[in-house]
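S.K.: Please find one structure pasted underneath; my questions will follow.
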Amino acid sequence: MHLAPEKEGDLVFNEGEVPAGSTETVYGLDGQAFEAESQKEPSPLKGEAYDGPHLVEVVRYVPDIVLDIQYATTDSFTGQAVYPDARAFLIKDAVCALVKVQENLKQQGYRLKLFDAYRPLSVQKLFWKILPDPRYVANPKVGSRHNRGYAVDVSLVSLQGAEIPMPTQYDDFSERAHSNCASLPEEAIKHREVLHQAMKKHGFESLASEWWHFDYSGWEARPVLDIEFDGIPPTRCAL
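Under numbering that gives the first Met the number 0, the final residue of the sequence shown carries the number 238; numbering is consecutive throughout.
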C-alpha cells in the first residue's frame with residue numbers, strides 16, 4: 000500500500016470515538032462514505048445462518064480470469080497472508096455479470112485480473128487492527144462492501160495475460176488512483192476507461208477514489224458476512 004501524504008487542503012478525518020447515539024461520516028478503504036453509529040455493530044451472518052444469494056467461486060465460471068490475490072501473500076499493506084488461499088468469491092449475480100464483462104473485454108483484446116472480492120468480517124477486523132485509519136480501512140463496526148460479497152477489485156491484462164499500462168499499482172492511495180485523474184500516461188487512461196465502461200455496462204459502479212474497485216448493484220440491502228472461504232459450500236447451480 001502506498002499512502003499519500005496529507006497536505007494543506009486535505010479532508011480532515013476524525014479518528015476519535017463517536018459519542019453514543021450520534022453519527023459521523025466514515026471513509027473506508029472501499030472509498031465509500033457512510034454514517035457510522037457508535038452503539039451499533041453489524042451482526043455478521045455465519046454459514047449456517049445465511050440464506051441469501053449464493054457466494055460462488057469466481058474461477059469456476061470465469062476460468063480465464065487472472066487471479067492476483069495479494070492478501071493471500073505478504074505483498075500487501077498487511078505484510079502478512081490474511082487469506083489461507085488465493086481464492087475469490089462473489090454473490091452469484093455479480094459473477095454472472097463478470098462473465099459478461101470478460102466476454103466484452105476479450106472482444107477488445109483484454110482480460111480481467113482480480114485482486115480481491117468477498118472478504119470475511121474477521122479479515123476486516125484484522126485489517127483494522129493493522130491499520131486503524133478510516134481513510135484507508137473500513138471500520139469493521141460498520142463493515143465493508145467486500146464483506147457483503149458485492150465488491151470486486153479488478154484490473155486489465157492482455158489476452159496473453161501480460162501486464163499493460165494502468166493508472167497505479169493495487170492499493171495505491173495517491174491521487175493518481177482516483178477514477179478521474181488526468182495526470183497519467185495516455186495509455187493508462189485509455190485502459191482505465193475500457194475497464195470502467197465494460198464494468199458499468201454490466202451493473203457495476205466504480206468508486207471515485209479507487210480505479211480498481213467496483214460495487215455490484217444491490218449491496219446496500221445485504222448483510223455483512225463472516226464465512227471463511229473453506230466454509231462456503233460448493234455451488235452446483237448453473238449461472
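Glycine included, each C-beta is placed from N, C-alpha and C at the ideal position.
Spatial neighbours of F228 within its chain, please: C-beta separation below 8 angstroms, excluding the five flanking residues on both sides.
M.R.: Here the question's residue 228 lines up with position 229 in the sequence shown. Contacts found: Y82, P83, D84, R86, F88, P119.
S.K.: Tell me which residue opens and which closes the beta strand (DSSP E) that R221 is part of.
M.R.: Within the sequence shown, numbered from 1, the residue matching residue 221 stands at position 222. Careful: R221 lies outside any beta strand (DSSP E) and carries neither H nor E.
S.K.: Buried or exposed: where does P131 fall if 16 or more other Cβ atoms within 10 Å of its Cβ makes it buried?
M.R.: Within the sequence shown, numbered from 1, the residue matching residue 131 stands at position 132. The residue is exposed, with fewer than 16 neighbouring Cβ atoms inside 10 Å.
S.K.: Short of 8 angstroms in beta carbon distance, which residues of its chain neighbour V122, apart from the five on each side in sequence? Order them along the chain.
M.R.: As a first step, residue 122 must be located in the sequence shown, where it is residue number 123. Excluding sequence neighbours, V122 sits near Y70, V81, Y82.
S.K.: Here's the rule I'm using: 16 or more other beta-carbon atoms within 10 Å means buried, otherwise exposed. How should Q101 be labelled?
M.R.: The count along the sequence shown starts at 1 and reaches residue 101 at position 102. In summary, Q101 is buried, with 16 or more beta-carbon neighbours lying within 10 Å of its beta-carbon over all protein chains present.
S.K.: Nearest-angstrom Cα distance between W218 and Y149?
M.R.: Residue numbering aside, residue 218 sits at position 219 when the sequence shown is read from its first letter. Residue numbering aside, residue 149 sits at position 150 when the sequence shown is read from its first letter. Straight-line Cα distance between these residues: approximately 6 angstroms.
S.K.: What do you get for L158, buried or exposed, if any count of 16 or more other CB atoms within 10 angstroms of its CB means buried?
M.R.: For the purposes of this step, residue 158 is identified with residue 159 of the sequence shown, where counting begins at 1. So L158 counts as exposed.
S.K.: Could you check where the beta strand (DSSP E) with H212 kicks off and where it finishes?
M.R.: Against the sequence shown, residue 212 aligns to sequence position 213. Where H212 is concerned, the enclosing beta strand (DSSP E) stretches over 209–215.
S.K.: Can you tell me where the alpha helix (DSSP H) with A96 in it begins and where it stops?
M.R.: Indexing the sequence shown from 1 puts residue 96 at position 97. 91–106 is the extent of the alpha helix (DSSP H) around A96.
S.K.: Count the C-beta pairs between the stretch 198–205 and the stretch 133–140 that are closer than 8 angstroms, then say yes if the count reaches three, no if not.
M.R.: no
S.K.: Here's the rule: buried if 16 or more other CB atoms are within 10 angstroms of the residue's CB, otherwise exposed. What is N179?
M.R.: Numbered from 1 along the sequence shown, position 180 holds the residue referred to as residue 179. Result: exposed.
S.K.: Going by beta-carbon coordinates alone, are F213 and V151 separated by less than 8 angstroms?
M.R.: Taking the sequence shown and counting its residues from 1, the one referred to as residue 213 is at position 214. Taking the sequence shown and counting its residues from 1, the one referred to as residue 151 is at position 152. Contact: yes.
S.K.: Give me the Cα-Cα distance between E5 and S208, rounded to the nearest whole angstrom.
M.R.: Within the sequence shown, residue 5 is the residue found at index 6, counting from 1. Within the sequence shown, residue 208 is the residue found at index 209, counting from 1. Interpretation of E5 is limited by its pLDDT of 35, a score under 50 that renders its predicted location unreliable; the figure taken from the coordinates is listed afterwards. Spanning the two alpha carbons is a distance of roughly 15 angstroms.
S.K.: Mapping the DSSP letters down to three states, classify Y109 as helix, strand or coil.
M.R.: Indexing the sequence shown from 1 puts residue 109 at position 110. DSSP places Y109 in strand when its eight states are reduced to three.
S.K.: Compare the beta carbon distance of F114 and T77 with 8 angstroms and say whether it is the shorter of the two.
M.R.: Against the sequence shown, residue 114 aligns to sequence position 115. Against the sequence shown, residue 77 aligns to sequence position 78. No, Cβ-Cβ distance for F114 and T77 is not below 8 angstroms.
S.K.: Quick one: what's D152 bridged to in DSSP?
M.R.: Translated into positions along the sequence shown, residue 152 becomes position 153. The partner list for D152 (beta bridge, DSSP) reads D115, H212.
S.K.: State the beta-bridge partners of L206 as determined by DSSP.
M.R.: One-based indexing of the sequence shown puts residue 206 at position 207. DSSP, once it has assigned bridges, lists E209 as partnering L206.
S.K.: For the alpha helix (DSSP H) containing V122, name the first residue and the last one.
M.R.: Here the question's residue 122 lines up with position 123 in the sequence shown. 120–129 is the span of the alpha helix (DSSP H), which, as asked, contains V122.
S.K.: Please classify E227: does DSSP put it in a helix, a strand, or coil?
M.R.: Stepping through the sequence shown from its first residue, residue 227 is reached at position 228. Note: E227 maps to coil in three-state DSSP.
S.K.: So L66 packs on N146, CB below 8 angstroms; how close in whole Å?
M.R.: Counting from 1 along the sequence shown, the entry for residue 66 is found at position 67. Counting from 1 along the sequence shown, the entry for residue 146 is found at position 147. No, L66 and N146 are not in contact; Cβ-Cβ is about 20 angstroms, not under 8 angstroms.
S.K.: Got a sec, what are the start and stop residues for the alpha helix (DSSP H) E186 sits in?
M.R.: The residue you call residue 186 lines up with position 187 of the sequence shown. Run containing E186: 185–200, per the alpha helix (DSSP H) assignment.
S.K.: Looking at the structure shown, is V57 part of a helix, part of a strand, or coil, going by DSSP?
M.R.: The residue given as residue 57 occupies position 58 in the sequence shown. It is helical.
S.K.: Can you tell me whether P233 is helix, strand or coil according to DSSP?
M.R.: Here residue 233 corresponds to residue number 234 of the sequence shown, with the count starting at 1. Coil.
S.K.: Figure out for me which residue from R110, I129, G108, V55 has the closest Cα to the Cα of V94.
M.R.: Counted from its first residue, the sequence shown places residue 94 at position 95. Checked all of R110, I129, G108, V55; the closest Cα to V94 is V55.
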